[in-house]
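Engineer:
Protein chains: 4
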Amino acid sequence: MIKLNLNIEINYLIDVNGADFICNIHAANTHYQVVSMENLHINQSIPYRIDKDLKHGNRYLRFTALPGPLKIIYTATIEVAHYRIRSNDLMEVPVRNLPLSVIEYLYPSRYCQSDRFIRLAIKEFGNLPQGYSRVKAIQEWVRRQVTFTQNVSNSNTSALDTFIEQQGICRDFSHLMIALCRAVNIPARFTTGTDYGANPCLGPPDFHAYVEVYLSGRWYIFDPSGTAIPMGFIRLGTGRDAADVSFATIFGNVQSQSPIIHAVAVEDSKFGFVAPYYCEEALSTDDERPLPYNPSGN
Amino acid sequence: MIKLNLNIEINYLIDVNGADFICNIHAANTHYQVVSMENLHINQSIPYRIDKDLKHGNRYLRFTALPGPLKIIYTATIEVAHYRIRSNDLMEVPVRNLPLSVIEYLYPSRYCQSDRFIRLAIKEFGNLPQGYSRVKAIQEWVRRQVTFTQNVSNSNTSALDTFIEQQGICRDFSHLMIALCRAVNIPARFTTGTDYGANPCLGPPDFHAYVEVYLSGRWYIFDPSGTAIPMGFIRLGTGRDAADVSFATIFGNVQSQSPIIHAVAVEDSKFGFVAPYYCEEALSTDDERPLPYNPSGN
Amino acid sequence: MIKLNLNIEINYLIDVNGADFICNIHAANTHYQVVSMENLHINQSIPYRIDKDLKHGNRYLRFTALPGPLKIIYTATIEVAHYRIRSNDLMEVPVRNLPLSVIEYLYPSRYCQSDRFIRLAIKEFGNLPQGYSRVKAIQEWVRRQVTFTQNVSNSNTSALDTFIEQQGICRDFSHLMIALCRAVNIPARFTTGTDYGANPCLGPPDFHAYVEVYLSGRWYIFDPSGTAIPMGFIRLGTGRDAADVSFATIFGNVQSQSPIIHAVAVEDSKFGFVAPYYCEEALSTDDERPLPYNPSGN
Amino acid sequence: MIKLNLNIEINYLIDVNGADFICNIHAANTHYQVVSMENLHINQSIPYRIDKDLKHGNRYLRFTALPGPLKIIYTATIEVAHYRIRSNDLMEVPVRNLPLSVIEYLYPSRYCQSDRFIRLAIKEFGNLPQGYSRVKAIQEWVRRQVTFTQNVSNSNTSALDTFIEQQGICRDFSHLMIALCRAVNIPARFTTGTDYGANPCLGPPDFHAYVEVYLSGRWYIFDPSGTAIPMGFIRLGTGRDAADVSFATIFGNVQSQSPIIHAVAVEDSKFGFVAPYYCEEALSTDDERPLPYNPSGN
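Chains as they are written, first to last, in my numbering: chain A, 1 to 298; chain B, 1001 to 1298; chain C, 2001 to 2298; chain D, 3001 to 3298.
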């Protein structure tokens, strides 16, 4: 079990009309990622609400900010005890056995136009043995094709662009990997969190984007940009692609500052100190365990 | 109340490997669209299953087809008593009051890149009074810009393409209207059904694509292509755009024939015969009535 | 006659491999834009060559830069006596009468995908009386649709993007206007020069991009971004779009600084001082006066 | 020397307004491709004109068709004695030595967005030895990536689309190869002609699209789709991409029929009968032999 202290601070200057916010900065609270303590501070005296997306476990902080400075500080202690499994034991789930709630992650989305990658994906990955190793092969392919480069992509950049221009950041790597998985009928989704142990060349700790792939009835973590240690990720939100998951969706005119993020492993009174490390096993923080599909049981 | 008899027949030739199907040809069963009788016939002796998407009411027929001919016949009697309201009474719901389940219909999707239309939509529609009339104005704008033309668009065609090339079919009109609604923060979704009373120039009855927009706490029907009588639509599925909703998603190699569809109004023993007609009121077949957002109740 | 002193300074830092340059910073020398004096200074002792594109009058400075700092200073005195004509006298030239050398400016190019705008252009401009006023109407339409905004477009941005996102700089305005002209069979080309009298809000004098349209047998200046005084433009290069015309095309790795540009009207000993002003007449600096097309003369 | 008889018949039905045509169905007449006899028949009694593009040797038949049926028959006897050279002797020409007239074939165009392929092309081909073998490697790469498939691409399809979807026809193969060549600074252009010896599975003889690449001071033929025998190609036109070169550019409303094309090798009284065959040597039909670039000669 890994215990992490998380600290997120975001700052805005709101214009005279105020602005509505939908923030996804709360750590997901699942059976495998337990938020043991959390605290939210907003510098404005305004009502807020936290909506929980029961399907994904995402939590959304919603409020209407007043004109002027807005500072939000979220602190939490999170205990992550991943569901771990020998990666080679993981199998792809045939489409016929996928639960309905997972089917949408087979379909193309705004930034993951999997429909256009079908021929490519079949050619590159169609003959590989199915299972974890095939997903790994897709991840490695993306990592070979794309070079981590900042300031070359933007909020318009999609998997198509990244495939052509072969550069981008974690968001772009993730979109391309997702598109390729879906193109060979492997459900894949976009997940945001905080990174851990990122290469210091990339700057201070930051929000991170990675991929979850549905194998053997559960969503497993993949980190196509390879810039951080997956075991240290704290999951915030998950969705079809970056269109669904943003740490702050803002309706109004505001000036933004860069978020300030700290995520550090700390000692647990019972389990002691465990630092996240690269491991061979597959990791999941996901609760979703739908019943197996049983056609004859209709 | 309108009573409709629906008959859908779809035919395929499946190759030697068989094929998995996810069909959305069952009429949605809601409080306002009641399926009073239905029957499904598949020519192959195979197990099947019907999954229900609780969020939208979509029903998915799932099975694995054997090699050879496949014929599916779905017949149903549907009683549609729309929720009807004076359209001018309908108001937009401020983002802050939208239920979480509706928020995703504000975000861009595969074929509705609303993020790229924001400036345009604000310029064209930003100063109009909010409410039903604004949505109507968006629909009329789409109808003026786009000419109904068959065989010029395909499964790749998105709202961007339709906006530029200004031609397409019901699917394309719908994608463009949805993108523009979302661009001014009005939730909009893509709905499939069967048409009714379509201009005979457009050929025999067919599957149809139209739009549902969230106003005053409910999803209301809009038909941007204007090719049929909304009161006669039988809703099959709804989703973010055509990527989510297809009458048949097929995993495998098959040859397809055009579907054969009949939807006719029939006499009801109690209410008599009512033919669908163009009406001024707004229509909804949607059950979803989420509780109002109440921030102070946090 | 307007006499202008032009001063262009560009600075680079060349890496250890050196770099090949093709610069288009020499003022075009035509019957109507006479370069009476010019001087080129390069800080490196390297051979160079000036190639002249006989079709357009563009002059290209070509050299191979050595590693280290590179400074190029071009100074010139230019006497511009535009070919001027009452704009309402200008007529469109039917395709059948266009000289072959002009035909390519009817075709789509990298950033001006006129083929995709045909329906739109016909709808918006197809019924307008042909001639100068129609081109003016296209220019005004672009100016209404697009808002001058810096730092939102880049070297990938095409007319399609500008049409959708409705913002950009002089390059983007020009691409969109060109695409729309070509879509209704009016030859249009992309021209670079130096601006004059630009709104000080837009910063210091800079390179400028504008449009030349072929009417009544000659290329006339249009300035869709409307940010400067066309009479003061000094033409450098012209081509199908920005892919063809760049003040510096560089093959190698270099660091760039912003160019420093001065263009000022000065007193002429004979004609005195004339400052550029907005005028109603149409202006051309173009020499090209092909013979009229005469089919029977074959 | 190969002697070919060419017969092209094209048929249209012109609507009541007539239509302007610019046809490029005349064989190019160069030092290496000599048109020894030709005949043009138009069923309408209308004036026409043949414009010659001096730069490329393209010939354009221009006329205004009257309402009603239009039939054009072009017959010619063409003697092709390619400039032939051992392919391994061909070298790339450094940008600094390229003649100005060739430079435009380094730049991106409507269907060959070479600017977006730079990273990819450098990664795949940047480390290969320069020269003919590198161009060959690009051709082979395109042939491996793309599968010849009819009816999946259209007049909008660009190199980007073909790269992603990996299927298309000769036009699409050519656009992708051109884009990749330009991305590594090798001039490449789009050439149309008639095919010869095409795989009968692909249907009757047809217009063909292939590539010319500038090596060692001359344009050499490459056939990325590999569907026919290059030695039997009769060159009609050449340009930056398909936007520039069409066998018929039509301004007006017409109904088209498929062109009927015959190209057969025939016996020459002096040289006898030589059928085109696949050969190892590089082939050119191009006249253009610009003087070498000589910077010190400025």
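Ideal Cβ placement from N, Cα and C applies to all residues, glycine included.
Ignore the nearest five residues each way along the sequence and tell me which others in Pro3276 (chain D)'s own chain have a CB closer than 7 Å to its CB.
Structural biologist: Ile3002, Tyr3196, Gly3197, Ile3229, Met3231, Gly3232, Ala3265
Engineer: Using 9 Å as the limit for Cβ to Cβ distance, is Phe2190 (chain C) near chain D?
Structural biologist: no
Engineer: Would you mind telling me which residues of chain D sit closer than 7 Å to Leu100 (chain A), beta carbon to beta carbon, in chain order?
Structural biologist: Under the 7 Å cutoff, chain D gives no residues; its nearest Cβ is about 30 Å from Leu100 (chain A).
Engineer: Taking all protein chains shown into account, do 16 or more other C-beta atoms lie within 10 angstroms of the C-beta of Tyr107 (chain A), making it buried, or fewer, making it exposed?
Structural biologist: buried
Engineer: Could you check the C-alpha separation between Ser36 (chain A) and Ile25 (chain A) for me, to the nearest Å?
Structural biologist: 16 Å
Engineer: Residues in its own chain within less than 6 Å of Tyr214 (chain A) by CB, not counting five upstream and five downstream?
Structural biologist: Shown here for Tyr214 (chain A): same chain residues with a beta carbon closer than 6 Å to its own, the five before and five after excluded, namely Val102, Pro187 in chain order.
Engineer: Check the Cβ of Asp15 (chain A) against every Cβ in chain B and list those closer than 7 Å, keeping chain order.
Structural biologist: Within 7 Å Cβ-Cβ: nothing; Asp15 (chain A) doesn't reach chain B, min ~16 Å.
Engineer: Along the segment 3156-3167 of chain D, what residues have a CB closer than 8 Å to any CB found in chain A?
Structural biologist: Leu3160, Phe3163, Ile3164, Glu3165, Gln3166, Gln3167
Engineer: Roughly how many angstroms lie between the CA atoms of Thr2075 (chain C) and Ser2158 (chain C), to the nearest whole one?
Structural biologist: 32 Å
Engineer: Could you name the residues of the same chain whose beta carbon sits closer than 6 Å to that of Ile2260 (chain C), not counting the 5 residues immediately before and after it, in chain order?
Structural biologist: Glu2009
Engineer: For Gly57 (chain A), collect the residues of the same chain with a Cβ closer than 6 Å to its Cβ; drop the 5 residues on either side in sequence, then sort them by chain order.
Structural biologist: Ala28, Thr30
Engineer: Would you report the Cα separation of Ala248 (chain A) and Glu1104 (chain B), rounded to the nearest angstrom?
Structural biologist: 14 Å
Engineer: In whole angstroms, give me the CA-to-CA distance for Val3245 (chain D) and Glu1079 (chain B).
Structural biologist: 59 Å
Engineer: Applying a beta-carbon distance threshold of less than 8 Å, which residues of chain B neighbour Asp20 (chain A)?
Structural biologist: Within chain B, the C-beta atoms nearer than 8 Å to that of Asp20 (chain A) come from Pro1094, Val1095, Arg1096, in chain order.
Engineer: At a CB-CB cut-off below 9 Å, which residues of chain B make contact with Leu2066 (chain C)?
Structural biologist: None at all; the shortest Cβ gap to chain B is about 44 Å.
Engineer: Assuming Thr285 (chain A) and Arg240 (chain A) form a contact by the criterion Cβ under 8 Å, report the distance between their Cβ atoms to the nearest whole angstrom.
Structural biologist: With a Cβ gap of about 18 Å, Thr285 (chain A) and Arg240 (chain A) do not count as contacting.
Engineer: In chain order, which continuous runs of the alpha helix (DSSP H) of length 4 or greater are located wholly inside the segment 3042-3129 of chain D?
Structural biologist: 3100-3103, 3118-3125
Engineer: What does a CB cutoff of less than 7 Å around Asp2223 (chain C) pick up in its chain, not counting 5 residues either side in sequence?
Structural biologist: Tyr2210, Pro2230
Engineer: Do Tyr2032 (chain C) and Tyr2083 (chain C) have their CB atoms nearer than 9 Å?
Structural biologist: yes
Engineer: Does any residue of chain D have a CB that is nearer than 9 Å to the CB of Phe233 (chain A)?
Structural biologist: Not one chain D Cβ lies under 9 Å of Phe233 (chain A).
Engineer: If you reduce the DSSP assignment to three classes, tell me which class Gln3145 (chain D) lands in.
Structural biologist: helix
Engineer: How would you write the range of the beta strand (DSSP E) that Ala1282 (chain B) sits in, first residue to last?
Structural biologist: 1282-1284
Engineer: Measure the alpha-carbon distance for Ser256 (chain A) versus Ile14 (chain A) and round it to whole angstroms.
Structural biologist: 9 Å
Engineer: So which residues on chain B does Asn185 (chain A) lean against when the C-beta distance must stay under 8 Å?
Structural biologist: Phe1251
Engineer: Taking only beta-carbon positions, decide if Leu3283 (chain D) is within less than 9 Å of chain A.
Structural biologist: no
Engineer: Determine the direct distance from the alpha carbon of Met3177 (chain D) to that of Val3142 (chain D), and round the result to whole angstroms.
Structural biologist: 6 Å
Engineer: Mind checking Phe3271 (chain D): buried by the 16 CB within 10 Å criterion, or exposed?
Structural biologist: exposed
Engineer: Taking CB distances under 9 Å as the criterion, tell me whether Leu3180 (chain D) reaches chain A.
Structural biologist: no
Engineer: Taking all protein chains shown into account, do 16 or more other C-beta atoms lie within 10 angstroms of the C-beta of Pro3094 (chain D), making it buried, or fewer, making it exposed?
Structural biologist: exposed
Engineer: DSSP puts Glu9 (chain A) in a beta bridge; with which residues?
Structural biologist: Per DSSP, A:Ile73, A:Ile260.
Engineer: Tell me the residue span of the beta strand (DSSP E) that contains Cys23 (chain A).
Structural biologist: 19-23
Engineer: Of all Cβ atoms in chain A, is any one closer than 9 Å to the Cβ of Gln1139 (chain B)?
Structural biologist: no
Engineer: Output yes if chain B places a C-beta closer than 9 Å to the C-beta of Leu2128 (chain C); else output no.
Structural biologist: no
Engineer: Apart from the five residues just before and just after Ile3250 (chain D), which ones in its own chain have a Cβ nearer than 7 Å to its Cβ?
Structural biologist: Ala3019, Phe3021
Engineer: Please list the partners that Gln1113 (chain B) has in chain A, where partner means a Cβ-to-Cβ separation under 7 Å.
Structural biologist: Arg110
Engineer: Give me, in chain order, the residues of the same chain whose beta-carbon lies closer than 7 Å to that of Leu2090 (chain C); leave out the 5 immediate sequence neighbours on both sides.
Structural biologist: Closer than 7 Å at Cβ, skipping near neighbours: Gly2131, Tyr2132, Leu2215, Ser2216, Tyr2220, Ala2282.
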